[in-house]
Amino acid sequence: MSDAPVHLTPSGPPETVLDPEPAELQAALAAALALPPEQRRAAVADVVASAPRCLDAWARLGELGRDPVERYAAFRVGYHRGLDRLRGSGWRGSGYVRWTHETNRGFLRALDGLRASAAEIGEDDEAERCDLFLRQLDPAWAGSDLVLPGGD
Numbered sequence: 138m139s140d141a142p143v144h145l146t147p148s149g150p151p152e153t154v155l156d157p158e159p160a161e162l163q164a165a166l167a168a169a170l171a172l173p174p175e176q177r178r179a180a181v182a183d184v185v186a187s188a189p190r191c192l193d194a195w196a197r198l199g200e201l202g203r204d205p206v207e208r209y210a211a212f213r214v215g216y217h218r219g220l221d222r223l224r225g226s227g228w229r230g231s232g233y234v235r236w237t238h239e240t241n242r243g244f245l246r247a248l249d250g251l252r253a254s255a256a257e258i259g260e261d262d263e264a265e266r267c268d269l270f271l272r273q274l275d276p277a278w279a280g281s282d283l284v285l286p287g288g289d
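Given below as structure tokens:
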């Protein structure tokens, strides 16, 4: 169990905010993402291999995936790792996980990527469930402009 607080709001469900990644991990991911496109995917994969619990690294690896199945797989791992992190932070299956908190963005990015990649491979029911889940987690979610290569 984490010492991270679960915030209660007077107008709704509790809100969960994930703990930040270590500064050195954030720096390594930023450096990998700053590399030229032909080197970026391998560098992000190295970050994932060194820190497989880093949600934003999984989400970024999904964005850089070479084909629809690779993208789907990376986003799905990021999503499931994110559920584990949320539960460890006090989330009990309901409540807000908002984009406004920088530390939640890796999970939400992975979930949105799972939504987009599920649609890309024809898993429309999963794409719809992910879309609904995003809106439940963050009612202010305005959708995403995430368009994957080969996607709509």
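For what it's worth, the working numbering labels the leading residue of the sequence shown as 138, then goes sequentially.
Where is the CB? At the ideal position from N, CA and C, for every residue including glycine.
ask   = How would you write the range of the alpha helix (DSSP H) that P173 sits in, first residue to last?
value = Residue mapping note: residue 173 aligns to position 36 of the sequence shown, counting from 1. It is not in any alpha helix (DSSP H) - P173 carries neither H nor E in the DSSP assignment.
message = Which same chain residues end up closer than 7 angstroms to N241 when comparing Cβ atoms and leaving out the 5 residues on each side of it in sequence?
response = Residue 241 sits at position 104 when you count from the first residue of the sequence shown. Same-chain partners within the cutoff: V154, L155, V234, R235.
ask   = V185 and L198 look like a contact to me (Cβ under 8 angstroms); what is the Cβ gap, rounded to whole Å?
value = Counting from 1 along the sequence shown, the entry for residue 185 is found at position 48. Counting from 1 along the sequence shown, the entry for residue 198 is found at position 61. V185 to L198, Cβ: 5 angstroms. Contact.
request  = Could you check if R218 is buried or exposed, using at least 16 other CB atoms within 10 Å of its CB as the buried criterion?
outcome  = Here residue 218 is taken as the residue at index 81 of the sequence shown, counted from 1. Buried, because 16 or more other Cβ atoms sit within 10 Å of the Cβ of R218.
query = Taking just the CA atoms, how far does W278 sit from L269?
reply = Stepping through the sequence shown from its first residue, residue 269 is reached at position 132. Stepping through the sequence shown from its first residue, residue 278 is reached at position 141. Going by the C-alpha atoms only, they are around 10 angstroms apart.
inquiry  = Please report the straight-line C-alpha distance between G215 and E200, rounded to a whole angstrom.
reply    = Here residue 215 refers to the residue found at position 78 of the sequence shown. Here residue 200 refers to the residue found at position 63 of the sequence shown. In a straight line, the C-alpha of G215 is about 11 angstroms away from that of E200.
query = In chain order, what residues of the same chain have a beta carbon less than 6 angstroms from the beta carbon of R211, not counting five sequence neighbours either side?
reply = For the purposes of this step, residue 211 is taken as residue 74 along the sequence shown, with counting starting at 1. Checking the sequence shown, residue 211 turns out to be Ala, not Arg. For A211, where only same-chain residues beyond five positions count, the Cβ hits under 6 angstroms are W195, L198, G199, G202.
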